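Student:
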Amino acid sequence: MNPGDVVIGILGGGQLAKMSAQAGRKLSFKIRVLDPTPECPASQVAEQVVGSFRDPETVKSFAKTCHILTFDLEHVDLTPLFELKRNIRIVPAPETLTLIQNKFEQRQAFYKAGLPVPKFSVVSNKEDLEKKLPIVQKSLVGGYDGRGTVILKSREDLEKALPLPSLVEEYVEIEKEIALIVVRNNKGEFRIYDPVEMVFHPEGNLLDYLFCPADLSERLTRDVKELALEAVKAIGGVGLFGVELFLDKRENLYINEIAPRPHNSGHHTIEACVTSQFEQHIRVITGLPLGSEKLLSPAVMLNLLGEPGFYGKPVYEGLDKVLAIPGVSVHIYGKKETFPLRKMGHVTVLGETLQEALKKATIIKEILKVKGEVKK
Ligand SMILES: Nc1ncnc2c1ncn2[C@@H]1O[C@H](COP(=O)(O)OP(=O)(O)OP(=O)(O)O)[C@@H](O)[C@H]1O
Ligand SMILES: [Mg+2]
């Protein structure tokens, strides 16, 4: 294969597409992205077609110009893909995406495979919702970055409830949130990255920072890796996946969910691993050999979130100071507008030890802010 002759199409042109495209360009693949927002992040490094990945005809005509199709997000219209897959390689397969798009179907697939998941059901009326408290309520489709998930502990919380029907789960007393990247190709070969520990933003319900390796015993690390691979197999997964798990206070593990694409919890792999999740993504979709997942250094990854109260064109405050710190890599996604808690970039911090990296990360968090030209 001459990568220069191969066109990879990505549905969605956000930061995940941008970083996948950067990895693809390294090997000289041609990258095209379909995204409705002009000058989307990936357009900086790939050719953008402005259009909707939710419109079947647009997806079809976009696919005609590509050899391989993959995803920046799972919330795309899948109907044209079942037709397209006869003529074009689509990774992950539309069947896998169908399972993932619906949180109930996804849970069900893990449950049927005998994997541990929080107790779950679909609830369609308010009385049942109330009876089950405390619960976690999730939109069946369309949720991301914590939008579409609410924790309802008492009757007072019911006013925050999402529209019904929805998925309802037992509330797990989480000790740690763990995530890891798993890649699996169509020959059944796989690589499992070291688990990371995620710390969530108290207001946004989305990832604030993570560190790798996670603080887990050898046995738990092994169990997490095994479970993650089983979960990917349970959805027939071929491609690259981000697997999220919970560890409760009694050391029980649960699978939370799978993202069928590069994942926020794998951003540190760009600097900290032999093969980044983005290069691995490019390798698996193009059928190239999988790379080593080896962790080369302890790492902390901070999300750069839009500061509350700021909108409009982003202003990056403290960039000079942060870049002067050794072992720090700043990634700015190039989104044209900021809003509170929007993912605007991330920072990876390497250290001789995890403690050292965490110390630097604490300082960076204080200095580096994404503000905006409009203050409200
Ligand atoms: N059953 C549960 N018990 C306790 N907390 C939960 C449960 N399910 C989810 N949460 C909390 O809510 C967060 C978001 O949930 P989930 O990952 O299912 O939603 P999401 O919107 O798809 O998130 P993202 O796109 O950020 O991964 C979890 O990371 C966890 O902190
Ligand atoms: Mg999640």
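According to the numbering used here, the residues represented by the sequence shown are 6 to 381, in order. Beta carbons are placed, not taken as given, at the ideal position from N, Cα and C, and that holds for glycine. Fair warning: this is a prediction, and the values are worked out from it, not measured in the lab.
Let me know the beta strand (DSSP E) ranges lying completely inside the stretch 176-215, each 3 residues or longer, listed in chain order.
Tutor: Listed in chain order, they are 179-189, 195-197 and 201-205.
Student: Assuming A264 and A304 make a contact with CB atoms under 8 Å, what is their CB distance in whole Å?
Tutor: One-based indexing of the sequence shown puts residue 264 at position 259. One-based indexing of the sequence shown puts residue 304 at position 299. With 8 Å as the limit, A264 and A304 do not qualify as a contact, their Cβ atoms being about 20 Å apart.
Student: Cβ atoms of G323 and I397: under 8 Å apart, would you say?
Tutor: It is not possible to answer for residue 397, since the shown part of the chain is limited to 6 through 381.
Student: Specify the secondary structure class of H272 as computed by DSSP and reduced to three states.
Tutor: Mapped onto the sequence shown, residue 272 falls at position 267. Correct three-state label for H272: coil.
Student: In terms of alpha-carbon separation, which member of Q360, P139, K381 and C71 lies closest to F34?
Tutor: The residue you call residue 34 lines up with position 29 of the sequence shown. Among Q360, P139, K381 and C71, the Cα nearest to that of F34 is on C71.
Student: Spell out the partners DSSP gives H286 in its beta bridges.
Tutor: Position 281 of the sequence shown, counting from 1, holds the residue named residue 286. H286 pairs with nothing; no bridge assigned.
Student: Using only the alpha-carbon positions, how far apart do D133 and V177 sit?
Tutor: As a working mapping, residue 133 is identified with position 128 in the sequence shown. As a working mapping, residue 177 is identified with position 172 in the sequence shown. The straight-line gap from Cα to Cα measures roughly 19 Å.
Student: Helix or strand or just coil, what does DSSP make of R37?
Tutor: One-based indexing of the sequence shown puts residue 37 at position 32. Reduced to three states, the DSSP call for R37 is strand.
Student: Quick test of your reading: F58 and L86, contact by CB under 8 Å. State the CB separation rounded to the nearest angstrom.
Tutor: Locating residue 58 in the sequence shown gives position 53, counting from the first residue. Locating residue 86 in the sequence shown gives position 81, counting from the first residue. 10 Å between Cβ atoms; not a contact.
Student: Would you call the CB atoms of V335 and L328 closer than 8 Å?
Tutor: Numbered from 1 along the sequence shown, position 330 holds the residue referred to as residue 335. Numbered from 1 along the sequence shown, position 323 holds the residue referred to as residue 328. Yes, the pair counts as a contact, with Cβ atoms nearer than the cut-off.
Student: Can you check whether the CB of A277 is closer than 8 Å to the CB of C217?
Tutor: Here the question's residue 217 lines up with position 212 in the sequence shown. Here the question's residue 277 lines up with position 272 in the sequence shown. In contact: C217 and A277 (Cβ atoms closer than 8 Å).
Student: How is D228 classed by DSSP in three states: helix, strand or coil?
Tutor: Start at 1 with the first residue of the sequence shown, and residue 228 comes out as number 223. Reduced to three states, the DSSP call for D228 is helix.
Student: By the 10 Å Cβ neighbour count, where 16 or more other Cβ atoms means buried, how is T353 classified, buried or exposed?
Tutor: Working through the sequence shown from its first residue, we reach residue 353 at position 348. The residue is buried, with at least 16 neighbouring Cβ atoms inside 10 Å.
Student: Using CA coordinates, which residue listed in K108, F251 and L163 is at the minimum distance from P200?
Tutor: For the purposes of this step, residue 200 is taken as residue 195 along the sequence shown, with counting starting at 1. The option with the nearest alpha carbon to P200 is F251.
Student: Closer than 7 Å: is that where the CB of G296 sits relative to any heavy atom of ligand 1?
Tutor: As a first step, residue 296 is located in the sequence shown; it is residue number 291 there, counting from the start. Incorrect: G296 has no Cβ contact closer than 7 Å to ligand 1.
Student: Over the uninterrupted beta strand (DSSP E) stretch that includes Q53, give me the two end residues.
Tutor: On the sequence shown, residue 53 is found 48 positions in, with the first residue counted as 1. E52 to V55 is the span of the beta strand (DSSP E), which, as asked, contains Q53.
Student: Once DSSP output is grouped into helix, strand and coil, what is the label at Y338?
Tutor: Taking the sequence shown and counting its residues from 1, the one referred to as residue 338 is at position 333. Looking at Y338 - three-state DSSP - the assignment turns out to be coil, as it is neither helix nor strand.
Student: Could you give the residue range of the alpha helix (DSSP H) that holds I369?
Tutor: Counting from one through the sequence shown, the residue named residue 369 turns up at place 364. Counting along the chain, the alpha helix (DSSP H) containing I369 begins and ends at L359 to I372.
Student: My output table needs one value for D253: the three-state DSSP class, helix, strand or coil.
Tutor: Translated into positions along the sequence shown, residue 253 becomes position 248. Note: D253 maps to strand in three-state DSSP.
Student: Going by DSSP, what residues sit across from I260 in a beta bridge?
Tutor: By 1-based counting over the sequence shown, the position of residue 260 is 255. Per DSSP, L250.
Student: Under the criterion of a Cβ to heavy atom distance below 7 Å, does E79 qualify as lining ligand 2?
Tutor: Numbered from its first residue, the sequence shown carries residue 79 at position 74. Checking the Cβ of E79 against ligand 2 gives no.
Student: Please report the straight-line C-alpha distance between K137 and L120, rounded to a whole angstrom.
Tutor: Counted from its first residue, the sequence shown places residue 137 at position 132. Counted from its first residue, the sequence shown places residue 120 at position 115. Approximately 23 Å between the Cα atoms of the pair.
Student: Nearest CA to the CA of K380: which residue from L309, F315, A239 and S171?
Tutor: Looking up residue 380 in the sequence shown gives position 375. Nearest C-alpha to K380: F315.
Student: Which residues neighbour ligand 2 when neighbourhood means a C-beta less than 7 Å away from any of its non-hydrogen atoms? List them by chain order.
Tutor: Having a Cβ closer than 7 Å to some heavy atom of ligand 2 are E249, N261 and E262.
Student: The alpha helix (DSSP H) with A98 in it runs from where to where?
Tutor: Residue 98 sits at position 93 when you count from the first residue of the sequence shown. Segment: none, A98 is in no alpha helix (DSSP H) and carries neither H nor E.
Student: Take P8 as the anchor and find which of G18, I36 and Q20 has the nearest alpha-carbon.
Tutor: To locate residue 8, count along the sequence shown from 1; it is residue 3. It is I36.
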